[in-house]
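I have placed the structure first, in the form of structure tokens, so that the comments after it can refer back to it.
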Amino acid sequence: MLKRHHEEAREIMESVKLKNQENVKKDFLPPKVKGFRLIKTIKHPMFGNTAFLMQYKGNLFTFFRTSFLKANGTLDGVNFDSQFGRRKWNNQPLGYEIIPERYVESVRRNAGFLASTYLLSEDTKTGILLSKKGKMPTTNQMYDELLVPCRNFAIKESMFDSELQYGACYDTIGEWLIETGTITEEEWCKNSTSLGNYYNSKKSYREVCPNGYRKEWMLGGVIDNLAGNVSEWTQEQDGTTVTRRIIRGGCHINNGNSKGSEVSSRNSMPISMLSCTTGERLVIFLK
136 MLKRHHEEAR
146 EIMESVKLKN
156 QENVKKDFLP
166 PKVKGFRLIK
176 TIKHPMFGNT
186 AFLMQYKGNL
196 FTFFRTSFLK
206 ANGTLDGVNF
216 DSQFGRRKWN
226 NQPLGYEIIP
236 ERYVESVRRN
246 AGFLASTYLL
256 SEDTKTGILL
266 SKKGKMPTTN
276 QMYDELLVPC
286 RNFAIKESMF
296 DSELQYGACY
306 DTIGEWLIET
316 GTITEEEWCK
326 NSTSLGNYYN
336 SKKSYREVCP
346 NGYRKEWMLG
356 GVIDNLAGNV
366 SEWTQEQDGT
376 TVTRRIIRGG
386 CHINNGNSKG
396 SEVSSRNSMP
406 ISMLSCTTGE
416 RLVIFLK
């Protein structure tokens, strides 16, 4: 009996060891997905390949690798033991968010997910969502007006699903930026002025600027206008209230060092509200 327990313990330790090796392996390869073309690989001296810029039908997406991140995120709002998940920044309370298990499993299996590199814009002729440099982010849309177009982006695809971003995706990107040394936790949580288009930013645009307007606002070369410019809808609810959702990131009429405007901030907005300072971002989960 004791021998069997020792053998089981050894097997568990070997499994953990292999998992840790996977977490830091430096030859991590980009996912192979029909229709996606690799544009650029982001390498880190410690973690190896941590992100990939990928093009799909002229749209730019970033694959964020999650398997090297600290397991300090939460999927249920209670247990903070996941590499992919929401984080509680500045002790702000979390809302309520349930992510379908198939998406959680997709992130685990593929060691990451894709997010639109740019804020979403819309093709005025077709209504198709775009993630392109030079386009103006789409604003003044109610929450329910966004869900179907975001899901329909991948409606004809067999290899991936698309969604309006979850709070878990937003916070995982933040954790990625901090752990790769792209930004500091102070910049993420306290003073985000230098990270984007805020009212008090250096060379502030003082209104909604087009995607890719300033190179320095493309954080780490992988995610544009995350801070400032326009805040971003997420699927995270304000508590269990279904009529309000959490928006993230602050906007151009805010100062980046004001409480509630930093890039990590969570603010509540009615799903029926139209806002000229709120846009959206698309996320993709591989099947």
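Take the sequence shown: its position 61, counting from 1, is numbered 196 in the numbering used here, and each next residue is one higher. Note that the Cβ used here is the ideal one computed from N, Cα and C, for glycine as well.
Excluding five sequence neighbours on each side, which residues of the same chain lie with their C-beta closer than 6 Å to the C-beta of residue i?
| i | result |
| --- | --- |
| Cys-411 | Thr-274, Asn-275 |
| Val-151 | In this prediction, Val-151 scores a pLDDT of 38, lower than 50, which makes its location untrustworthy; the coordinate-derived value is nonetheless stated afterwards. The answer is none, since no qualifying residue turns up. |
| Met-408 | none |
| His-179 | Thr-185, Thr-315 |
| Arg-401 | Gln-227, Ile-381 |
| Gly-262 | none |
| Ser-241 | Phe-420, Leu-421 |
Quick one: grab the DSSP three-state call for residue i.
| i | result |
| --- | --- |
| Tyr-253 | coil |
| Asp-279 | helix |
| Pro-235 | coil |
| Val-213 | coil |
| Ser-241 | helix |
| Arg-222 | coil |
| Arg-416 | coil |
| Asn-207 | coil |
| Asn-402 | strand |
| Asn-184 | strand |
| Asn-287 | helix |
| Met-189 | strand |
| Asn-392 | coil |
| Met-408 | coil |
| Val-168 | coil |
| Phe-198 | strand |
| Lys-175 | strand |
| Ile-263 | coil |
| Asp-296 | strand |
| Gln-372 | strand |
| Leu-421 | strand |
| Gly-269 | coil |
| Phe-163 | coil |
| Thr-274 | coil |
| Gly-385 | coil |
Less than 8 Å between the beta carbons of residue i and residue j, yes or no?
| i | j | result |
| --- | --- | --- |
| Leu-255 | Glu-371 | no |
| Asn-326 | Glu-280 | no |
| Phe-219 | Thr-307 | yes |
| Thr-201 | Phe-187 | no |
| Val-168 | Leu-421 | yes |
| Tyr-238 | Gly-212 | no |
| Thr-193 | Phe-163 | The amino acid occupying residue 193 in the given sequence is Gly; Thr does not appear at that position. Not in contact: Gly-193 and Phe-163 (Cβ atoms no closer than 8 Å). |
| Asn-346 | Gly-391 | no |
| Asn-389 | Tyr-340 | no |
| Leu-204 | Glu-322 | no |
| Met-181 | Pro-165 | no |
With a CB to CB cut of under 7 Å and the five nearest residues on each side skipped, what residues in its chain are close to residue i?
| i | result |
| --- | --- |
| Tyr-191 | Gly-170, Phe-171 |
| Trp-368 | Tyr-278, Leu-281, Leu-299, Arg-380, Ile-382, Thr-413, Glu-415 |
| Cys-386 | Gly-363, Asn-364, Val-365, Ser-366, Thr-412 |
| Glu-286 | It is Arg, not Glu, that sits at residue 286 in the sequence shown. Ser-297, Glu-298. |
| Gly-374 | Gly-230, Tyr-231 |
| Cys-304 | Phe-248, Ala-250, Val-418 |
| Cys-344 | Asn-332, Asn-364 |
| Pro-405 | Thr-378, Arg-379 |
| Ser-403 | Asp-373, Arg-379, Ile-381 |
| Asp-258 | Leu-265 |
| Ser-217 | Ala-206, Gly-208, Thr-209, Leu-210 |
| Gly-395 | Asn-402 |
Please check the pair residue i and residue j, which I expect to be a contact at CB under 8 Å, by giving their CB distance rounded to whole angstroms.
| i | j | result |
| --- | --- | --- |
| Ser-266 | Leu-195 | 5 Å |
| Leu-354 | Leu-312 | 6 Å |
| Gly-302 | Arg-243 | Not confirmed; about 18 Å, so no contact. |
| Asn-226 | Cys-324 | About 10 Å separates the two Cβ atoms, so there is no contact after all. |
| Asn-207 | Phe-215 | 5 Å |
Can you name, in chain order, every residue of its own chain whose Cβ lies under 8 Å from the Cβ of residue i, other than the five neighbours on each side?
| i | result |
| --- | --- |
| Ile-358 | Thr-197, Ala-250, Thr-252, Ile-308, Leu-312 |
| Asp-289 | Here residue 289 turns out to be Ala, not Asp, going by the sequence shown. Excluding sequence neighbours, Ala-289 sits near Phe-295, Asp-296, Ser-297, Ile-419. |
Minimum length 3: unbroken beta strand (DSSP E) runs contained in the segment 298–370: none
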